[in-house]
Each structure stands twice: as structure tokens, then as C-alpha cells.
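Remarks on the structure that follows.
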Ligand code: TEU
Ligand code: CA
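Numbering (my numbering), first residue to last: 452 to 1049.
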């Protein structure tokens, strides 16, 4: 719920001033120490201004970003060498997917040593150089905190599995079998049971993900202290916060009942929001986060919009923001692709907006390393509309209410890979699914691959396309760790940096516009036309400042009438250059985006 527009100005100011005075001093100069509390409250519609609300985040998946030594695997030196490219996009924060020591059962989301850099990615000195380069450019770095589980090669688990009385036994979740079977019917996200029988002690351990990713036992206070210590280790190096992997899963109902009848094949809603989640997050905040000026964003698979404020309301001192999955997974029925509609997408954004008030903050994202490419999933990746639709999506991501997250390559309009055979995939989710579905004759190989072509996580993990040299300039070696999309000849960074009309150039302009426009950051959001199947039109309003965003999500030319009383003002940006002046209606081209300052 937001403050009603009709509320008296005095009331808004009073609330805003209180929020402001409670908030900690900010590093961000634009939030302005010189501003009075009343001005600050007015310029943020009652929200406490924070650097992480104003920032745009760019996600780097290190394995696929840039290889510096020709071994075909992206690395930290590679990222450091492209910091100017990232800075040039106009983003303020980099989220680095896991860079820790790992046997790579799940590309680094299975951590063997939290205080060591993955050998393929480089050394701690390389990490320090990367962080230094980021700070020199006045950007910030957040790390991926993966603490629902570790690798089975982590020393804690190596000890834990040795014997029932090992001091580390209780770091993980062990149970005897039930009637000669698994303790309950929970499933792993990577196929099969979530329990694995370990012969050494003849008990099962829990793994919500791969067998090589045993779940930590957060009810053990020693585990929590270990996590807080490793967080401090990185924060003391100067990193600016964390993206927290499946954080709503950390607290388990230790009686482990079977799935309820009505779980509809969606285990995430059963695994999330366990009995002690809030208690542990508040403890983490007290012991660690409150001592630093950092941002946190929880990956909140299985958390509903209604539950969101309980995790991010600033008065609760838990997390700053979460990733809600309703929008990004709108195109999914279980693992299966489903066609989505624009009114459904709009309804999700409206719901998220309504469920969070001035004390909470949202994120905006439609892609990451676990999902297909942005333009392929939500735009039109045909040759004709790829660039235009990528720009429509950029406009939306950067003008909705919440901190935007851009996934590497989406700023180039990179597309899904034309997968045609199982050998082209690397992802454990795909390989385990192949065994469970295809090799056991439940699904045909052709159907399985056809679905993966639209949904596979590997679509987003193919190497960054830097230029038109072999392997897209990602590596100087003969072979990249994962297939390179053959369209790198046409879609690559070098070409887009040289073209003022490219997707990259458009992202940069959109980021500039957003940076200087507080209404696009703190303004109230209002969907003008929720049922329109092709046009997404909304306003962002902050005091007298009003912005109108009109997005054509179709290839059709549309003559669009604005609601009564609303006229398009001055064009602030468009993906088709200067649009003709309009008074009553807007003549939109297919996949046209316009932002007006009214
Ligand atoms: O993902 C968690 C998650 O719940 C899903 O998005 C899931 O990975 C998936 O797409 C299954 O269909 C996080 C990481 O982002 C992901 O890369 C890891 O594999 C996973 O946790 C385990 O750490
Ligand atoms: Ca390398």
C-alpha cells in the first residue's frame, strides 16, 4: 500500500521526515546531506532515499564474461579488463555470480571454500585488483552469498559425513530412512529425491539442489556464526553487499512432513519461508549487515508478493530487496514453456507495487543466469524486431518502480542459442532432467530439446559476444567452455559500441535519463491501461514531476489513445528517434517505446 494521493501534504511530510531522520547517513552525494529532511522526503515520495534504490545493477556471470588466458573459461582478470565497458553502460553496481573455490557441479553455486577464489577464475590478488578497479570507477560490487548449501567437498561436509558423532555432523541435515525409504517425498530442483543415502553412516542428507549441494543446518548456531564470519571476511575487503542465493529456504521445518496435497508440483512454496527465517535474517542483520553501509537482495524463489514486506520492510531489519519470481517465471508451467500475455505481466507489476509501501523496495528484472535471454523470452528475437524489442524491454526495466538488474549480454540484445542436441548443454539441471525424463522414456528427446530451447538456463550462459573474431572474442583459445551463439558475427559489443543506434547505446541513454530523473526512481507508479493486450502505458509521478511511458509490445502499428485528461508532453526518449508531436493519439510503430515528460 502506498500513501493515498489524497492524504494531506503535512501528513506525507511528517512521515517522510521521520523515515529520513531514522535513516543512516548516506555515501551517495546525490541523496544530498545538504538537503533538509522535508525536501528529501518530498523528493522521494516518502521513501527514505538510499544509494541502492537509485543504482542500476549489472550482473556478471564470471565463467561466461571474458577469458583472459585462453583456457576457454571466463576469469576475474577478464572482468577487470572490461570495467570501462561496464562503466560506459552507466550502471553503478556489479553483482558477481559466485567466484569462490568450487568443484563446479553447479557452476560455482556449490562452494568448497568461501575464502578462496576459484582456481579457474584467478587468485585473491586478481579479486583485489578487480575490486580496486571497480572502486576507482566509483562503482560498487556485491557478491553472491550461497549459504543454503555448500559443496559436498567443503571441509564441513567431508567431516560431517564421517560419523554420527563428528563435531560437524550437525552442520548439515541428516535423517534415518523411513520404512527403508527417504525420510519424506521432497524433490530436488535438479530431479529425483531431495535426500541421498550416505553409506558411511547409513543416513540420508538433505539436498534441495544437486547431490553435491548438501543443505546446511541453520538451526545450528555454529553454522550461523560461520556464515556471519565469512560475510565479514568479504565485507572487510570493501565489498558493498550481497545477492543471497535461495535465502528463503535456509530455515527448515525439522519434522519434514511430506508435500501437502495441493502443492501443485511447485516445491519452492513449500521450501520457502520456514519457521525461523525471520529470526535468522534479523540476527544476520544485527551481527553483520547493520555494521556496514551495504545492500542486500534476496533471491526469493517461492515467496509471494504478499509475503514480500515481511522480508524487506525496513523497520524489520532483514533484507533491503528481494527478487520476486512471478514476472520472470510468467512464461513457465513447472518446467514447461507457456505463452504469456501482457495483461498478466502488468497485473504482476501492479500487485508487487500494491503489496509494498514506502517502507519496502522492489527489484525489477526479467532475466539472469537461470533464465532464457531477455529479448527471446519477453521480446521478439527475429532479425526484424530484435533490437527494437530489446529497447522496449530496456525502457520498461529502467522505468518501473524498483532497482533494475541487467544481466550481462542483454545490453547487447543477445538471444537464446539454437540448441538442437543434448551434447550442446552443460547445465546439471538439463543433464539430470535428461536422465529422469528422456532416458526413462517419459518425454521424447525432441520435445525435451524443443522446450529447453526456450527455457534452458544455458541460453543465458553462452559466452559474451565481444567482437566478430572466432568465439566472439570471448577467448583467444580454441574453444569456449560452452557453445558460442553463431550470431556473434552480427551481435557483438564492438559493433554496438560504434553504433549510436545500438541496443547498448540505448541502455546507456536510458540509464542517463533514469539517473537524472527522480520521478523514474521514487515516483508513484500507475498502470493506465491494464487490459490492453499490446500496449503497456503507465505514469511515474513525483510531486509535480510526471513521466508517461508508452510501450508497444507487438509488431503492429497502433494508433493509441491516451486516457481522458492525459496528454503526451515532451519526448524524453524513444527507440525510434524523434516521434511526431501528438495531441490526442499516439501513432506507435511496432515495438516502439516512448517516454514523455509531462
Ligand atoms: O537458483 C535458485 C532457484 O531456485 C532457481 O532459479 C533454480 O536454480 C532453477 O532455475 C531451477 O529450475 C539459485 C541460483 O541462481 C542457481 O544458479 C543455482 O543453481 C541454485 O540457486 C542452487 O544454488
Ligand atoms: Ca580463463
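Note that CB positions come from ideal geometry on N, CA and C, so glycine has one too.
Start and end residues, alpha helix (DSSP H) containing residue i
i           : result
residue 594 : Unbroken run through residue 594 is the beta strand (DSSP E), 591-596; no alpha helix (DSSP H).
residue 957 : 954-966
residue 904 : 896-906
residue 764 : Note, residue 764: premise wrong, no alpha helix (DSSP H); not H, not E.
residue 529 : 527-532
residue 508 : Taken as a continuous stretch (DSSP letters only), residue 508 belongs to no alpha helix (DSSP H), being part of the beta strand (DSSP E) at 508-511.
residue 879 : 879-884
residue 504 : 502-505
residue 722 : 719-722
residue 889 : No alpha helix (DSSP H) contains residue 889, which DSSP labels as neither H nor E.
residue 611 : 606-611
residue 912 : 909-912
residue 842 : 837-848
Of the listed residues the options, nearest to residue i (C-alpha basis)
i            : options               : result
residue 412  : 994, 757 and 780      : Beyond the ends of the chain as shown, which are 452 and 1049, falls residue 412; an answer cannot be given.
residue 669  : 658, 643, 662 and 624 : 624
residue 811  : 780, 783 and 774      : 774
residue 732  : 722, 936, 817 and 748 : 748
residue 929  : 505, 762, 497 and 520 : 520
residue 1003 : 750, 1037 and 787     : 1037
residue 746  : 677, 945, 650 and 854 : 854
residue 734  : 768, 707, 724 and 723 : 768
residue 427  : 904, 727 and 637      : Past the edges of the chain, shown from 452 to 1049, lies residue 427, and the structure says nothing about it.
residue 864  : 875, 839, 888 and 885 : 839
residue 914  : 501, 526 and 509      : 526
residue 696  : 968, 737, 560 and 784 : 560
residue 572  : 592, 649 and 550      : 550
residue 705  : 851, 837, 902 and 626 : 626
residue 859  : 844, 979 and 912      : 912
residue 873  : 851, 902 and 675      : 902
residue 1005 : 833, 932 and 897      : 833
Test item: CB-CB of residue i and residue j under 7 angstroms
i            : j            : result
residue 813  : residue 825  : no
residue 919  : residue 936  : no
residue 641  : residue 879  : yes
residue 577  : residue 528  : yes
residue 530  : residue 514  : no
residue 862  : residue 743  : no
residue 753  : residue 719  : yes
residue 699  : residue 778  : no
residue 934  : residue 875  : yes
residue 651  : residue 612  : yes
residue 776  : residue 816  : no
residue 537  : residue 693  : no
residue 770  : residue 762  : yes
residue 1023 : residue 1046 : yes
residue 1020 : residue 1049 : yes
residue 568  : residue 678  : no
residue 541  : residue 945  : no
residue 1029 : residue 957  : no
Limits of the beta strand (DSSP E) - the one that residue i falls within
i            : result
residue 1036 : 1036-1039
residue 998  : 996-1003
residue 854  : 854-858
residue 1068 : A question about residue 1068 goes unanswered here, because the residues of the chain that appear run from 452 up to 1049.
residue 647  : 646-649
residue 1009 : 1009-1012
residue 992  : 986-993
residue 1061 : The structure shown does not extend to residue 1061, since the chain is modelled only from 452 to 1049, so the question has no answer here.
Inter-residue CB distance, residue i and residue j (contact presumed, cutoff 8 angstroms)
i            : j            : result
residue 547  : residue 595  : 7 angstroms
residue 984  : residue 792  : 6 angstroms
residue 517  : residue 925  : 7 angstroms
residue 601  : residue 667  : 6 angstroms
residue 603  : residue 673  : About 19 angstroms; that fails the 8 angstroms criterion.
residue 681  : residue 563  : Residue 681 to residue 563, Cβ: 13 angstroms. No contact.
residue 998  : residue 968  : 7 angstroms
residue 1001 : residue 1039 : 7 angstroms
residue 866  : residue 922  : The pair is not a contact, with the Cβ atoms about 17 angstroms apart (cut-off 8 angstroms).
residue 506  : residue 543  : 4 angstroms
residue 509  : residue 545  : 5 angstroms
Interface flag, residue i vs chain D, CB-CB below 7 angstroms
i           : result
residue 827 : Checking the listed chains, one finds no chain D in this structure; it contains a single protein chain.
Inter-stretch contact at 8 angstroms, needing at least 3 Cβ pairs: the segment 554-566 / the segment 951-963:
Fewer than three pairs of CB atoms, one per stretch, sit closer than 8 angstroms, so the segment 554-566 makes no contact with the segment 951-963.
With three or more C-beta pairs closer than 8 angstroms as the rule, is the segment 792-803 touching the segment 887-896?
By the Cβ rule, the segment 887-896 does not count as touching the segment 792-803, because fewer than three pairs are nearer than 8 angstroms.
Decide yes or no for the touch test of the segment 969-976 against the segment 1010-1022: beta carbon pairs closer than 8 angstroms, at least 3 of them.
With a cut-off of 8 angstroms on Cβ pairs, the segment 969-976 is not in contact with the segment 1010-1022, counting fewer than three such pairs.
Touching by the beta-carbon criterion (3+ pairs, under 8 angstroms), the segment 619-634 and the segment 651-658
Yes, they touch.
The segment 902-916 contacting the segment 819-834, beta-carbon criterion three pairs below 8 angstroms:
Enough Cβ pairs lie closer than 8 angstroms, so yes.
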